[in-house]
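Below: the structure, in structure tokens.
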Amino acid sequence: MSTLAALADAAGAFLLVAGSLFALAGSWGLVKLGSFLKRLHGPTKATTLGVGCVLIASMVHFALRGTPALHELLVTLGLFLTAPVSAHVMVKAALHLDPSARPGPPPGREIS
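If you want my numbering, it's the 1-based position in the sequence shown plus 7.
Structure, rendered in structure tokens:
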């Protein structure tokens, strides 16, 4: 086994473990956090990063085996573009339905 292949396997294994830990943290946040706005934060941040790490690990694995996986790059880009936008739309809809959920101004910056 060449040094490059061993290094790529180590990087892929690291990305898989890191991605699964991020996905686990995002899923745990979805289950344990209280309100809708808090529960939305876990999957949009941690789970997106976790799935991105797994897809990048798959890209590295197949790229070094001679078959570049460009469709995984497109899935990763699509995920990173659509998850924040959909979360923003859901938060705007939740705040529209319940204006009392909107946080107040920071201390020392009261609106007159």
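All C-beta atoms in this analysis are idealised placements derived from N, C-alpha and C, irrespective of residue type, glycine included.
In this text, all values refer to a predicted model and were calculated from it rather than measured experimentally.
Alpha carbon of residue i to alpha carbon of residue j, nearest angstrom
i: Ala122; j: Leu40; result: What is shown of the chain runs 8 to 119, which leaves residue 122 out entirely.
i: Ser9; j: Gly19; result: 15 Å
i: Pro114; j: His68; result: 50 Å
i: Leu47; j: Val98; result: 8 Å
i: Ala4; j: Glu79; result: Because residue 4 is not part of the residues shown, which for the chain are 8 to 119, the question remains open.
i: Val128; j: Ser42; result: It is not possible to answer for residue 128, since the shown part of the chain is limited to 8 through 119.
i: Pro106; j: Gly73; result: 54 Å
i: Pro112; j: Trp35; result: 30 Å
i: Ala108; j: Phe87; result: 27 Å
Pair within 9 Å by beta-carbon distance, residue i and residue j
i: Cys60; j: Leu22; result: yes
i: Gly49; j: Leu28; result: no
i: Ala76; j: Ser65; result: yes
i: Ala101; j: Leu37; result: no
i: Ala25; j: Leu71; result: no
i: Pro91; j: Thr51; result: yes
With 16 other Cβ atoms within 10 Å as the buried cut-off, status of residue i
i: Leu11; result: exposed
i: Thr89; result: exposed
i: Leu62; result: buried
i: Ala30; result: buried
Closest Cα partner of residue i within the set the options
i: Thr55; options: His78, Asp16, His68, Ser93; result: Ser93
Residue i: CB within 8 Å of a non-hydrogen atom of the ligand FMN
i: Leu14; result: This structure does not include the ligand FMN; it has no bound ligands of any sort.
Length at least 4, wholly inside the segment 57 to 102: the alpha helix (DSSP H) runs in chain order: none
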